[in-house]
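All remarks here apply to the structure that follows.
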Amino acid sequence: MKDLLQIRGLSPEQIESILSRAGEYFDVVTAGGKPFPKLKDRSVITLFYENSTRTRASFESAAKYLGAEVVNLSVSASSVQKGESLKDTALTLDAMCPDVIVMRHAQSGAPHRLAGWVKAHVVNGGDGLHAHPTQALLDMFTAQRHFGSLNGRTAAIIGDIEHSRVARSNIYAMTLLGMKVKLFGPSTLMPSDMSGMPCTVCSSMREALEGADIVMALRIQLERMKGGLFPSAGEYNKYFGLNKDVMKYANDGAIIMHPGPVNRGVELSHDVLDDPVCIKDIQVTGGLSVRMALLDMLIGGEL
Ligand code: CP
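For the sequence shown, the working numbering assigns the number 0 to the initial residue and increments by one for each residue that follows.
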């Protein structure tokens, strides 16, 4: 496998092998382990056309833990601002012979174009509304560490499904690992046609949460919305926010996940945000481990 562009097309065995390697790194990193020089003399370029805290810092940390060199191209301070095209930017960076280019772009499909132009491995760090495969992998890693096997479990994904590449990637990852997926959100933020997706759309929070082991809240993606798709943050929180009261509908021991960044008091109320039921910070540590595993296995030809 040269590139990781989406979850669709991966096999359950490939996903499990990444999660298994990530588990080895997670144990060492959380015990305060030192960097592993497995990727010494290798290099990673991050090329983010959209803002990021978690994904970019996590890839940089993952690469450095493994001893690789990292170049973070700041698009806002690059020749992109002089009008350089995506293709010319890609060819220029590839001429520096990196092993991996991690790309985020607002346009769905941009990492696929990049992958066709460059010799480096390409990892999609999020493209438009399409996919965020490493987020789904880290979500599966974190949930699997919490529950053991995910086979037969149910997830409820709540919120802005329409604009969420995280939801799309998670729906595929969850079903590949044997989970059932339910969706709920404002009708204005629900895709008009979900018939091709392996999930069911619910008409109430209660219907979505009943039987759920994982409740995943999505960030409201204001930057992708053209107009007022919901009346106010307060009203969104009232009908679509997660709090301890609505979590009573979910299974005993259910957890809350959120890809971040969180709009505090909107998608998640304060009573759950800073409570152990919400494992968003463990997801971040899981993300570091998953990205270490992915860089290691892609460069090592193990996928
Ligand atoms: N979850 C996620 O992609 O966060 P960032 O936008 O901060 O990378």
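C-beta: ideal position from N, C-alpha, C; glycine also. None of the values given here were measured: they were computed from a predicted structure.
Exercise for review: Specify whether the segment 156–163 and the segment 28–45 touch according to this definition: at least 3 beta carbon pairs, one from each stretch, less than 8 Å apart.
Suggested key: Verdict: no, contact absent.
**Study point:** Other residues of its chain near Val271: CB distance less than 8 Å, five sequence neighbours each side excluded
**Key:** One-based indexing of the sequence shown puts residue 271 at position 272. The beta carbon of Val271 sits closer than 8 Å to the beta carbons of Leu241, Asn242, Lys243, Met246, Ile255 and Cys277 from its chain, once the five residues preceding and following it are set aside; these are given in chain order.
Check your understanding: So Asn236 is in the alpha helix (DSSP H); what residue range does that whole segment cover?
Key -> Residue numbering aside, residue 236 sits at position 237 when the sequence shown is read from its first letter. Residues Ala232 to Phe239.
Check your understanding: CA-CA distance, Thr199 and Tyr248?
Key -> Your numbering for residue 199 matches position 200 in the sequence shown. Your numbering for residue 248 matches position 249 in the sequence shown. Thr199 and Tyr248: Cα-Cα distance of roughly 17 Å.
Check your understanding: Under the three-state reduction of DSSP, which class applies to Met291: helix, strand or coil?
Key -> In the sequence shown, the residue the question calls residue 291 occupies position 292. In the structure shown, Met291 sits in a helix (DSSP, three-state: H, G or I).
Check your understanding: Glu59 lies in the alpha helix (DSSP H); which residues open and close that run?
Key -> Translated into positions along the sequence shown, residue 59 becomes position 60. Per DSSP, Glu59 belongs to the alpha helix (DSSP H) from Arg53 to Tyr64.
Point to revise | Residue span of the alpha helix (DSSP H) that contains Ile14, given as start and end | key: On the sequence shown, position 15 is the one that residue 14 refers to. Counting along the chain, the alpha helix (DSSP H) containing Ile14 begins and ends at Pro11 to Thr29.
**Study point:** Environment of the ligand CP in chain order, Cβ to heavy atom below 7 Å
**Key:** Asn50, Ser51, Thr52, Arg53, Thr54, Arg55, Gly125, His131, Gln134, Val165, Pro258, Gly259 and Pro260
Point to revise | Where the beta strand (DSSP E) containing Asn71 begins and where it ends | key: Numbered from 1 along the sequence shown, position 72 holds the residue referred to as residue 71. Start and end: Glu68 to Ser73.
Practice item. Measuring alpha carbon to alpha carbon, tell me which of Gly195, Tyr24, Ala30 and Ala232 ends up nearest Lys37. Key: Locating residue 37 in the sequence shown gives position 38, counting from the first residue. The alpha carbon of Lys37 has as its nearest neighbour, out of Gly195, Tyr24, Ala30 and Ala232, the alpha carbon of Tyr24.
Practice item. Using three-state DSSP, classify Ser163 as helix, strand or coil. Key: Counted from its first residue, the sequence shown places residue 163 at position 164. In this structure, Ser163 counts as coil in the three-state DSSP scheme.
Point to revise | Whole-Å CB distance - Met0 paired with Leu228, under 8 Å assumed | key: Within the sequence shown, residue 0 is the residue found at index 1, counting from 1. Within the sequence shown, residue 228 is the residue found at index 229, counting from 1. Wrong, their Cβ atoms sit about 37 Å apart, outside the cutoff.
Review point. How would you write the range of the alpha helix (DSSP H) that Val117 sits in, first residue to last?
Key: For the purposes of this step, residue 117 is taken as residue 118 along the sequence shown, with counting starting at 1. Premise fails: Val117 is in no alpha helix (DSSP H) and is neither H nor E.
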